[in-house]
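Numbering (this note's numbering), first residue to last: 14 to 181. Shown next, in structure tokens, is the structure this report addresses.
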């Protein structure tokens, strides 16, 4: 661009035009799908950087997957036929246990218990459906919704009581 006199009356208009042209150039670069405004070396360098980042991300994900697979099992715990709700009742009772004034176990979301039961337990060799267990774990136990239920009394076979302290 040739040199423009800065003290003329059209200087403000020239400055504004330069600004609009530079913004338009930035816009064109942002939609340049075919990389027409860049050299092959720039394109290759950018792509190599992206490949490096993706390889590092892939390695992290593969490491995370290996760690997660260590916890997986092909042998879930089998519950006798008809006693799934008894096991659910036991977990509900475990949720309420306290050691001193602290909760023994705590889950931010109650559905975690239902997912754990469905993932690691089976009933008579068959998977347990999440929808069957979910209704016993309402989102807010203090305000159960219409879709939630209490464990029927005929499935409440056990009580968990604290052990008596033994003299040392």
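The beta-carbon is built from N, C-alpha and C at its ideal position, and this holds for glycine as well.
Check the C-beta distance from residue i over to residue j and give it rounded, since I have them as a contact under 8 Å.
i: residue 89; j: residue 150; result: With a Cβ gap of about 19 Å, residue 89 and residue 150 do not count as contacting.
i: residue 61; j: residue 94; result: Actually they are not in contact, since the Cβ atoms of residue 61 and residue 94 sit about 59 Å apart, beyond 8 Å.
i: residue 56; j: residue 48; result: 5 Å
i: residue 154; j: residue 123; result: 6 Å
i: residue 50; j: residue 42; result: 6 Å
i: residue 11; j: residue 162; result: There is simply no residue 11 to check, as the chain begins at 14 and stops at 181 in what is shown.
i: residue 173; j: residue 110; result: 7 Å
i: residue 171; j: residue 71; result: About 48 Å separates the two Cβ atoms, so there is no contact after all.
Please classify residue i: is it buried, with 16 or more other beta-carbons within 10 angstroms of its beta-carbon, or exposed?
i: residue 92; result: buried
i: residue 127; result: buried
i: residue 98; result: buried
i: residue 112; result: exposed
i: residue 44; result: exposed
i: residue 118; result: exposed
i: residue 101; result: buried
i: residue 141; result: buried
i: residue 107; result: exposed
i: residue 130; result: buried
Using DSSP's beta-bridge definition, name the partner residues of residue i.
i: residue 115; result: 112
i: residue 135; result: 91 and 140
Any C-beta of chain B sitting closer than 8 Å to the C-beta of residue i?
i: residue 139; result: The displayed structure is made up of one protein chain only, and chain B is not part of it.
Segments assigned alpha helix (DSSP H), at least 4 residues, entirely inside the segment 31–105: 53–83
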